[in-house]
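Enquirer:
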Amino acid sequence: MMERGQLQLEAMICFGIFLALLAVFLGQLNQAEQQASQALHALKAKTQAELCCFSADIVYTAGSSSVVQQEMHCTGKGNIVESHSGKSVKRAACLAAQIRLVQRGEKSVLEVKANEHYR
Numbered sequence: 112m113m114e115r116g117q118l119q120l121e122a123m124i125c126f127g128i129f130l131a132l133l134a135v136f137l138g139q140l141n142q143a144e145q146q147a148s149q150a151l152h153a154l155k156a157k158t159q160a161e162l163c164c165f166s167a168d169i170v171y172t173a174g175s176s177s178v179v180q181q182e183m184h185c186t187g188k189g190n191i192v193e194s195h196s197g198k199s200v201k202r203a204a205c206l207a208a209q210i211r212l213v214q215r216g217e218k219s220v221l222e223v224k225a226n227e228h229y230r
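In this note's numbering, the protein residues as written are 112 to 230.
1) Beta carbon of Ala167, beta carbon of Val220: below 8 angstroms?
2) Quick one: measure Cβ to Cβ for His152 and Ser196, integer angstroms, because I've assumed they're closer than 8 angstroms.
3) For Gly174 versus Ile210, is the C-beta spacing smaller than 8 angstroms?
4) Spatial neighbours of Gln146 within its chain, please: C-beta separation below 6 angstroms, excluding the five flanking residues on both sides.
5) With a 10 Å radius around its C-beta and 16 neighbouring C-beta atoms as the bar for buried, classify Val170 as buried or exposed.
6) Please determine if the region 156 to 167 and the region 112 to 131 are in contact, where contact requires at least 3 C-beta pairs separated by less than 8 angstroms.
7) Taking its Cβ as the centre, do 16 or more other Cβ atoms sit within 10 Å of Ala150, making it buried, or is it exposed?
8) Starting from the N-terminal side, write out each stretch of the beta strand (DSSP E) that is 3 residues or longer and does not extend beyond the region 196 to 227.
9) Would you call Ala160 buried or exposed, if buried means 16 or more other Cβ atoms sit within 10 Å of its Cβ?
10) For Val200, which option in Ala207, Leu206, Ile191, Gly216 has the closest C-alpha, if you only look at C-alpha atoms?
11) Can you find the residues in the same chain that come closer than 8 angstroms, C-beta to C-beta, to Ser148, ignoring five residues on each side of it along the sequence?
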């Protein structure tokens, strides 16, 4: 027959192993949440960059000169539009050769140099 002290020691070891496994499981859940958050920020930044590029291309082909940004959060230089979300930075290449962000009053405006072909 086992002594009472040995049974208590085995119970404490089993409980310690249970707590260690629980800590590993919770750590993995936390890491998965962080990776999902990073992926979400990357997707948001890419979507915003593509939306800004799409808007700039519409202005470019319509022969207009600018589009007012209200919900779009991006900057433009040359033909590249860039968007930030969290730590993610994504870029998109546009048809328009000259895109830049200009501040007019309280509004940010993407200025697009239209091609003479479309005028």
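Even glycine gets a Cβ: it sits at the ideal position worked out from N, Cα and C.
Note that the structure is predicted; figures quoted are calculated from it, not measured.
Expert: The structure says:
1) no
2) 5 angstroms
3) no
4) none
5) buried
6) no
7) exposed
8) 199 to 204, 210 to 215, 218 to 223
9) buried
10) Ile191
11) Gly197
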